[in-house]
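Data first, discussion second: the structure below is written as structure tokens.
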Amino acid sequence: MLPLIKTCIPPREELMPRLEEILYSGYVAQGEAVEEFERKFEAYIGSGHTLSLNSGTAALHIALILAGVKQGDEVISTALTAEPTNVAIKMVGAKVRWADVDIQTGNISAKAIENAINEKTKAIIVVDYAGIPVDVKAIKAISEKYNIPVIEDAAHALGAKFMGKRTGNHFPFTVYSFQAIKHLTTIDGGALQIQDAALYEKGKVIRWFGLDKKLTRLENDITIQGYKYHMNNVNATVGLVQLQNIEALVQKYIDNGIYLDQQLEGIKGVELLEYYADSEPSYWLYTLKVDNREAFIKMMADNGIMASELHKRNDLHTYLNDYPAELPNLDHFYSKMVHIPCGWWVTRADCDKMIELIKKGW
Numbered sequence: 066m067l068p069l070i071k072t073c074i075p076p077r078e079e080l081m082p083r084l085e086e087i088l089y090s091g092y093v094a095q096g097e098a099v100e101e102f103e104r105k106f107e108a109y110i111g112s113g114h115t116l117s118l119n120s121g122t123a124a125l126h127i128a129l130i131l132a133g134v135k136q137g138d139e140v141i142s143t144a145l146t147a148e149p150t151n152v153a154i155k156m157v158g159a160k161v162r163w164a165d166v167d168i169q170t171g172n173i174s175a176k177a178i179e180n181a182i183n184e185k186t187k188a189i190i191v192v193d194y195a196g197i198p199v200d201v202k203a204i205k206a207i208s209e210k211y212n213i214p215v216i217e218d219a220a221h222a223l224g225a226k227f228m229g230k231r232t233g234n235h236f237p238f239t240v241y242s243f244q245a246i247k248h249l250t251t252i253d254g255g256a257l258q259i260q261d262a263a264l265y266e267k268g269k270v271i272r273w274f275g276l277d278k279k280l281t282r283l284e285n286d287i288t289i290q291g292y293k294y295h296m297n298n299v300n301a302t303v304g305l306v307q308l309q310n311i312e313a314l315v316q317k318y319i320d321n322g323i324y325l326d327q328q329l330e331g332i333k334g335v336e337l338l339e340y341y342a343d344s345e346p347s348y349w350l351y352t353l354k355v356d357n358r359e360a361f362i363k364m365m366a367d368n369g370i371m372a373s374e375l376h377k378r379n380d381l382h383t384y385l386n387d388y389p390a391e392l393p394n395l396d397h398f399y400s401k402m403v404h405i406p407c408g409w410w411v412t413r414a415d416c417d418k419m420i421e422l423i424k425k426g427w
């Protein structure tokens, strides 16, 4: 079965010497390897300050804290995402306010965001779902108009671009996941890209129990709630090896995605997504809309290819559905949405097989 998602681990001869060196160095906790990973990740993104963490969920949690979201506040978000996006909102005691999606992309709609804003709105979370950049220009305009910070969940979108700049350059806070199946994995981990230097320093304190690592334990005075969210040297070392080839790795997803875009155009029963002007997806998943999705998934499985909608819409989770809302665009989009493989493990022959199968119908 051609998998929908697959972990990419560097070749043994590249990874294992580095891992053995760090494992037997006598220091495997947060140290120089973490610092090196952060600086090299910053260079890849092109702006801001990288706060490495033990998960993308930790990055979301700290982003919400730094954005000033507190108990009883509201955060506008999308129901089309993995659950951690919205679970993190509940972690700070806030409530989730849904905004509908853009029917052409599945990403949160700028118009719907503006319609959902009220006096309790303290932040907006946007998700580059499946690696497709959100409507950056329109969402930034809304953020500036209402003075509400935006947190970009780019867990699916490492290497995606808007106006030639990668995710991580466009909003005050950008969240990345380095969990096992993402473009870049540190086995497990994440990062928060922070544009403001002072907030970055505050984030470093929050990720380590509220302690300032520039001071000794005896000199420290905890003044804010902190957590054990740091990355360690072992995970960072895996990340450093991954970063050596990250551009080529992400490009494999992009090349497959572009090829599928070109070859699936105009096929009966298939509707391709429309990307926003000046945006370049990184295609963590290849997403399309199909008639009779259940039959499509079965046909692909019968031919050795995994296809799936993958994520459950979050408004179907009782705990996350603080304000049940009518989401007609999401209803339509989700009923037809399906993902097919397009990652680093997918060959051109695999793409051609999928294209031919889809052309034959289901």
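The numbering used here runs 65 ahead of the 1-based position in the sequence shown.
Glycine residues also receive a C-beta, built at the ideal position from the N, C-alpha and C atoms.
Look up residue 236 in the DSSP assignment and say whether it is helix, strand or coil. Against the sequence shown, residue 236 aligns to sequence position 171. Residue 236: coil per DSSP, three-state reduction.
To which residues of the same chain is residue 98 closer than 7 Å at the C-beta, ignoring the five residues directly before and after it? For this step, residue 98 is matched to residue 33 along the sequence shown. Residues of the same chain with a CB within less than 7 Å of the CB of residue 98, apart from the 5 flanking positions on each side, are 87, 298, 301, 302 and 305 in chain order.
If contacts are defined as beta-carbon pairs under 8 Å, then residue 116 and residue 223 qualify, I think. What distance do you get, rounded to the angstrom? The count along the sequence shown starts at 1 and reaches residue 116 at position 51. The count along the sequence shown starts at 1 and reaches residue 223 at position 158. With 8 Å as the limit, residue 116 and residue 223 do not qualify as a contact, their Cβ atoms being about 16 Å apart.
How would you write the range of the beta strand (DSSP E) that residue 114 sits in, first residue to last? Numbered from its first residue, the sequence shown carries residue 114 at position 49. Unbroken beta strand (DSSP E) run through residue 114: 114–118.
Apply the 10 Å Cβ neighbour rule to residue 218 and answer buried if 16 or more other Cβ atoms are within range, or exposed otherwise. Counting from 1 along the sequence shown, the entry for residue 218 is found at position 153. Buried: at least 16 other Cβ atoms inside 10 Å.
Cβ neighbour criterion (16 or more within 10 Å) applied to residue 228: For this step, residue 228 is matched to residue 163 along the sequence shown. With fewer than 16 Cβ atoms within 10 Å of its Cβ, residue 228 is classed as exposed.
Assumed close pair residue 153, residue 349 - CB separation to whole angstroms, cut-off 8 Å: Counting from 1 along the sequence shown, the entry for residue 153 is found at position 88. Counting from 1 along the sequence shown, the entry for residue 349 is found at position 284. Actually they are not in contact, since the Cβ atoms of residue 153 and residue 349 sit about 19 Å apart, beyond 8 Å.
Relative to the C-alpha of residue 193, which candidate in 183, 144, 109 and 268 has its C-alpha closest? Position 128 of the sequence shown, counted from the first residue, corresponds to residue 193. Nearest neighbour of residue 193 by Cα position, chosen from 183, 144, 109 and 268, turns out to be 144.
Residue interval of the beta strand (DSSP E) (run including residue 351): Taking the sequence shown and counting its residues from 1, one reaches residue 351 at position 286. In the DSSP assignment, residue 351 falls within the beta strand (DSSP E) that extends over 351–355.
Rounded distance between the beta-carbons of residue 405 and residue 370, thought under 8 Å: Within the sequence shown, numbered from 1, the residue matching residue 370 stands at position 305. Within the sequence shown, numbered from 1, the residue matching residue 405 stands at position 340. Cβ atoms of residue 370 and residue 405 come within 8 Å of each other, at about 7 Å.
Just to confirm the assignment, what range does the beta strand (DSSP E) spanning residue 257 have? As a first step, residue 257 must be located in the sequence shown, where it is residue number 192. Its beta strand (DSSP E) spans residues 255–259.
Which two residues bound the contiguous beta strand (DSSP E) that contains residue 247? Counting from 1 along the sequence shown, the entry for residue 247 is found at position 182. First-last for residue 247: undefined, no H or E at that position.
Excluding sequence positions up to five away, which residues of its chain have a Cβ less than 6 Å from the Cβ of residue 270? Numbered from its first residue, the sequence shown carries residue 270 at position 205. Result list for residue 270: 277, in chain order.
Of the listed residues 409, 418, 425 and 393, nearest to residue 167 (C-alpha basis): Numbered from 1 along the sequence shown, position 102 holds the residue referred to as residue 167. The shortest C-alpha separation from residue 167 is found at 393.
Is residue 344 buried or exposed, if buried means 16 or more other CB atoms sit within 10 Å of its CB? Looking up residue 344 in the sequence shown gives position 279. It is buried - the Cβ of residue 344 has at least 16 other Cβ atoms within 10 Å.
Only counting runs of 4 or more residues, tell me where the alpha helix (DSSP H) segments fall wholly within the segment 330–400, in order along the chain. Whole alpha helix (DSSP H) segments, 4+ residues: 358–367.
Looking at the structure shown, is residue 296 part of a helix, part of a strand, or coil, going by DSSP? Here residue 296 is taken as the residue at index 231 of the sequence shown, counted from 1. The answer is coil: DSSP assigns residue 296 none of H, G, I, E or B.
I'd like to check one pair, residue 177 with residue 164: are the Cβ atoms closer than 7 Å? What you label residue 164 is simply residue 99 of the sequence shown in a count that begins at 1. What you label residue 177 is simply residue 112 of the sequence shown in a count that begins at 1. Annotated as proximal: residue 164 and residue 177, with beta-carbon spacing under 7 Å.
In terms of alpha-carbon separation, which member of 364, 384, 368 and 354 lies closest to residue 374? Within the sequence shown, residue 374 is the residue found at index 309, counting from 1. The shortest Cα separation from residue 374 among 364, 384, 368 and 354 belongs to 354.
How far does the alpha helix (DSSP H) with residue 174 in it extend, from its first residue to its last? On the sequence shown, residue 174 is found 109 positions in, with the first residue counted as 1. Per DSSP, residue 174 belongs to no alpha helix (DSSP H) and is neither H nor E.
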